[in-house]
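Residue numbers (the working numbering): 251 to 659.
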Ligand SMILES: Cc1cc2nc3c(=O)[nH]c(=O)nc-3n(C[C@H](O)[C@H](O)[C@H](O)COP(=O)(O)OP(=O)(O)OC[C@H]3O[C@@H](n4cnc5c(N)ncnc54)[C@H](O)[C@@H]3O)c2cc1C
């Protein structure tokens, strides 16, 4: 064997898993074709991520959070509204006693993970693309584009929602196109955001304003995730700056009296087609799927990478325990335990984000009234509100050790 575990894909999830496994004493090889310098450029993916409190516990446990925290903006309030109609659901972190989570630019997350990875022994980073997979009763072999190969008792596919490894392992998956695209950019605005995240639901899809840490010079900034029909996104994306800003301002609210004041988009604009992808199984002989390779969900609730971090916490716990007991780390039994543990959470999050998007992204007569009645009801039912908040924070269900509060872990 060349190593104990091969991870195909060194993205936000694959690198976190590599660190967690290596800290547990396992030898790991992470294979990714993208040069690190490219992944760390601010213009690489342009996204910001809402990182839940549960994920912060995982990132702290693996020693990455200390590098990320200085760039992380706590979310203190969340406001959810139906288009520009009166009334909204307001979630306040005062009701749960800690920030809901944090908004962080993805390149800051990646950098923090790389710093933690460099400080961990037992990880071999291989630059290359996995193009083939061989499985037998003892091991999996990853074949790389350059003709080389690596063999280990377990291969973990963390190669994203278009995972080739999932296909090669013969795991069927389901894809549903939302016929929506997300336009992503960063804005600067006149008024401070005070940690407020806004989600407005328009018939074409959700529009989110996510608070970012101000710049060193004190400039107020937020991230934008603006959903449009897939056929219309390009026309907005290509607008000249002043017209693009005017479209943003129209959705965000009045420049003179609105919460954020005057807004301007800065930097590059990005566009992501939105699709649901769910793998029928998370395991195959000598193979496990994690992150978007297992489940790619709608960004409506900012939960995709948080689900991936929960995969990391569960799989690392099971494999490290298996290794400590001297048992086979790629056995059918341990992989089946991983699948059982992760299936419900991943399926329920995929289904709830899908339902939420369908419920709000339409113009069906009468639906707006039903939506608003539901929002008023939720806003006036503190226990229901609290349940939603703790769910979004990733703090419900059978939590792995890395996610338990420090005193319980
Ligand atoms: C607009 C938008 C907004 C989002 N906002 C949020 C949010 O606020 N909060 C949140 O939790 N989630 C959010 N998400 C989801 C989140 O971005 C994803 O869940 C996350 O990026 C998945 O990480 P991953 O590591 O599984 O996959 P990826 O990030 O796709 O990484 C896959 C890695 O595998 C590598 N790779 C690919 N093929 C191969 C191969 N053949 N061999 C080796 N390596 C390979 C790639 O180079 C890449 O580095 C959002 C998504 C979108 C589209």
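Cβ atoms here follow ideal geometry from the backbone N, Cα and C, with glycine treated the same way.
Just so we're clear, the structure is a prediction, and the values are computed from it rather than from any experiment.
{"Query": "Tell me the DSSP secondary structure of residue 611 in three-state form.", "Result": "coil"}
{"Query": "Relative to the C-alpha of residue 411, which candidate in 614, 294, 258 has its C-alpha closest?", "Result": "258"}
{"Query": "Indicate the three-state DSSP secondary structure (helix, strand or coil) for residue 316 in the structure shown.", "Result": "helix"}
{"Query": "Straight-line CA distance for residue 542 to residue 555?", "Result": "8 angstroms"}
{"Query": "Where does residue 451 land, buried or exposed, given buried means 16+ other C-beta within 10 angstroms?", "Result": "buried"}
{"Query": "Residues bridged to residue 470 by DSSP?", "Result": "439"}
{"Query": "Reducing DSSP to helix, strand and coil, say where residue 458 ends up.", "Result": "strand"}
{"Query": "Cβ of residue 564 within 6 angstroms of any heavy atom in ligand 1?", "Result": "no"}
{"Query": "Taking only the alpha-carbon atoms, compute the straight-line gap between residue 311 and residue 255 and give it to the nearest angstrom.", "Result": "20 angstroms"}
{"Query": "Roughly how many angstroms separate the alpha carbons of residue 314 and residue 385, rounded to a whole number?", "Result": "33 angstroms"}
{"Query": "Can you tell me the Cα-Cα spacing of residue 341 and residue 415, whole angstroms?", "Result": "40 angstroms"}
{"Query": "Do residue 553 and ligand 1 come close, with the Cβ less than 6 angstroms from some heavy atom?", "Result": "yes"}
{"Query": "Buried or exposed: residue 261, going by 16 or more other Cβ atoms within 10 Å of its Cβ?", "Result": "buried"}
{"Query": "When DSSP labels each residue in this structure, what does residue 643 get in the three-state scheme?", "Result": "coil"}
{"Query": "Quick one: what does DSSP say residue 326 is sitting in, helix, strand or coil?", "Result": "coil"}
{"Query": "In the DSSP output, what is residue 412 paired with across the bridge?", "Result": "BP columns for residue 412 are empty, so no partner."}
{"Query": "Residue 333 by DSSP, collapsed to three states: which one?", "Result": "coil"}
{"Query": "Report whether the distance from the Cβ of residue 361 to the nearest heavy atom of ligand 1 is below 6 angstroms.", "Result": "no"}
{"Query": "Using CA coordinates, which residue listed in 552, 445, 578 is at the minimum distance from residue 324?", "Result": "445"}
{"Query": "Rounded to a whole number of angstroms, what is the C-alpha to C-alpha distance between residue 501 and residue 613?", "Result": "17 angstroms"}
{"Query": "Is it buried or exposed for residue 590, if we count other Cβ within 10 angstroms and need 16 for buried?", "Result": "exposed"}
{"Query": "Quick one, which of 329, 649, 321 has its alpha-carbon nearest residue 449's?", "Result": "329"}
{"Query": "Using 8 angstroms as the threshold, is the region 505-513 in touch with the region 460-468, meaning 3 or more CB pairs across them?", "Result": "no"}
{"Query": "Using the three-state DSSP reduction, which class does residue 591 fall into: helix, strand or coil?", "Result": "helix"}
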